[in-house]
Structure formats: C-alpha cells, structure tokens
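Enquirer:
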Amino acid sequence: MQSNKASTVRAAPLHNEITDFIEPSFLDKNDWIKSPPVHYAQKTSAYLSHQIAREPRDLTSHTQRICLYRDLGDADGIYGALLDLFITLGDKGAALRQRLLQQSAFILTAENYEVLSNILNGTLSVSAQTLSSHHSMLSFNSTSNQEVIRKIENPSHRQEESPLLVARDLLNSGLIEQAQSLLETSLLATPENEEISEELMQIYRHTNNRDGCVQLLKKLASSQLALREQWVDLILRLDQTNHKESISA
C-alpha cells in the first residue's frame, strides 16, 4: 500500500518534469486561453513570442500570451503582449482589445494602462514606431532577449478567459476567419461543448462553407460531437443551396 501511495505522490512532479523537458510546440495548446501553462511559462512565453513575431496576425497566440502573463501577474510582460495585439489590430477588434485590457487592469501600471486606454479610445495612435516595450515583439525597440518571468502565486482578481467570448469579440469586429479558426481549435479540443458547436455552425452557415463542415465532421468522426445531427442537417442545406446556385448560374 505504501509503495502505491508513493508512486501516486510522485506522479504529478514527474509529469511536470517531463512537460518542462518537452518543447511547447509539441504540447497540446488547445486550452492555453482558458488555462495558461504557468508551470512552464518561460518556454511558453518564448514560443508564443516567436509565433507572434513570425505571424503577427495570429490572434490566438496573441490572446494566449496575454492570458499567460495575466495569470503570472507579470506587469511588464502583459503590457508588451497587449501592445503587440494593439499594433496588430490597429483600429479593428475594439471589443477584444477592450475586454483584454479591462481584465489586465489590476496588473498593469497606471502609466501603461493609461497609454493603452488612450490608444483604445482613439486619443493616441499606435504603431510599431511610436511605442515600445522590451517584451513587445512588434514595437520599434523590441528585443528578442526575454527576461526571466516571475510567477506570482494566486494573483488576485484572476479571471478565466473563454475562447467563445474571444471569438464573439472577433466576430463583432468583423474578423470572421480568425474567429472561425479559434472556434475550430476549441471544438476539436472540447467537441461536447454545445455553445462552441452552435457558434461555429452559424459561421459556416453565414459563409456557405460546406467543405469546412465536411472536413470538421471527418476530424470529429469518433468524438462525441455536440449537435451532430444539426451539423449533418447544415451540410444537406448547404448542398441544396449550392445546387440551386449552380442551376441559376
């Protein structure tokens, strides 16, 4: 009995040691918005920063990086991450920018919060040349040298981010492709989630994306997909719509 207990106690540390050894690119990143990987934050931060530098329009990586710094309570890091998001979106994605800024207010310094608020309300323009942060990958004075991240245990006012809310912010800002990509990733991770399933169906219906529906159902063929019958019905309806369009053409 004692040996079994000992092995159970050692299981979690061993998992963390293995996780620390694995590069973040090989890990499951589907839950990084809802549950940022704070236990291997240094590697994750470097990975996400590289992703953003390489693909600035990757809004999922932007959001994951902001959530990571928020859960760590890193004021400098979250300012740089928010600044990169603001530079990328420009005057678009106001709903997403506003909510992430509000959720980060308790971590940001008063000065940095004021800067970002002024950008959000349009009294200050944002560009890679006008603002800088050592944690920013897109600003003029950015640096690839990442400082050691200081983890703050149980930071106050911690809020759990929802991929569904992020996707709705993107949709409200007209960023349909980014919202679709985020919802697809989330549904593949949690196929039983009815809200995500319904939201994604609405996008496919709106964009008449019959092929996207088929490909997604193939990937989730062996999963307990929420609203599966509605998905099949949507494909049939899109088939009819496309058939009528081909005849009229």
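Numbering-wise, our numbering comes out as the position in the sequence shown, counting from 1, plus 6.
Note that beta-carbon positions come from the ideal geometry of N, C-alpha and C, so glycine has one too.
1) Just the Cα atoms here: how many angstroms apart are residue 139 and residue 81?
2) So, with DSSP's three-state summary, where would you put residue 248?
3) Quick check: what's the CA-CA separation for residue 51 versus residue 84?
4) Leaving out the 5 sequence neighbours to the left and right, which residues in its chain are closer than 8 angstroms to residue 209 when beta-carbon positions are compared?
5) May I have the straight-line CA-CA distance separating residue 237 from residue 128, to the nearest angstrom?
6) Please classify residue 97 as buried or exposed, where buried requires at least 16 neighbouring CB atoms within 10 angstroms.
7) Which runs of the alpha helix (DSSP H) at least 4 residues long sit entirely within the stretch 90 to 134? Give them in chain order.
8) For residue 213, report the span of its alpha helix (DSSP H) as first-last.
9) Do you know how far the Cα of residue 246 is from the Cα of residue 43?
10) Please report the distance separating the alpha-carbon of residue 152 from that of residue 107.
11) Going along the chain, which residues of its own chain have a beta-carbon closer than 6 angstroms to the beta-carbon of residue 173, five neighbours each way excluded?
12) With a threshold of 16 other CB atoms inside 10 Å of the CB of residue 87, please say whether the residue is buried or exposed.
13) Between which residues of its own chain and residue 94 is the CB-CB distance below 6 angstroms, once the five residues before and five after are set aside?
14) What are the boundary residues of the alpha helix (DSSP H) that residue 76 is part of?
15) For residue 222, which residues in the same chain have their Cβ closer than 7 angstroms to its Cβ, ignoring the five residues on either side in sequence?
16) Does DSSP classify residue 6 as helix, strand or coil?
17) Taking the alpha carbon of residue 144 as the reference point, which residue from 47, 55 and 204 has its own alpha carbon closest?
18) Should residue 207 and residue 244 be called a contact, given that it needs their Cβ atoms to be closer than 8 angstroms?
19) According to the neighbour-count rule (16 or more other Cβ atoms, all chains shown, within 10 Å of its Cβ), is residue 171 buried or exposed?
20) Please name the residue, chosen from 102, 211, 212 and 204, that lies closest to residue 231 on a Cα-to-Cα basis.
21) Roughly how many angstroms separate the alpha carbons of residue 71 and residue 242, rounded to a whole number?
22) Please tell me whether residue 111 and residue 175 are closer than 8 angstroms, where the distance is taken between their beta carbons.
Expert: Walking through what the data contain:
1) 11 angstroms
2) helix
3) 11 angstroms
4) 177, 182, 185, 186, 189 and 215
5) 41 angstroms
6) The residue in question, residue 97, is exposed, as its Cβ has fewer than 16 Cβ neighbours within 10 Å.
7) Listed in chain order, the complete alpha helix (DSSP H) runs (minimum 4 residues) inside the stretch 90 to 134 are 100 to 109 and 116 to 126.
8) 200 to 213
9) 45 angstroms
10) In this prediction, residue 152 scores a pLDDT of 36, lower than 50, which makes its location untrustworthy; no coordinate-derived value is stated.
11) 185, 188 and 189
12) buried
13) 62
14) Run containing residue 76: 65 to 78, per the alpha helix (DSSP H) assignment.
15) 190
16) The chain is shown only over 7 to 255; residue 6 falls outside these bounds and no answer can be derived.
17) 55
18) no
19) Exposed, because fewer than 16 other Cβ atoms sit within 10 Å of the Cβ of residue 171.
20) Check the Cα spacing between residue 231 and each of 102, 211, 212 and 204: the tightest is with 204.
21) 39 angstroms
22) Judged by beta-carbon spacing, residue 175 lies beyond the 8 angstroms limit of residue 111, meaning their Cβ atoms are not closer than that value.
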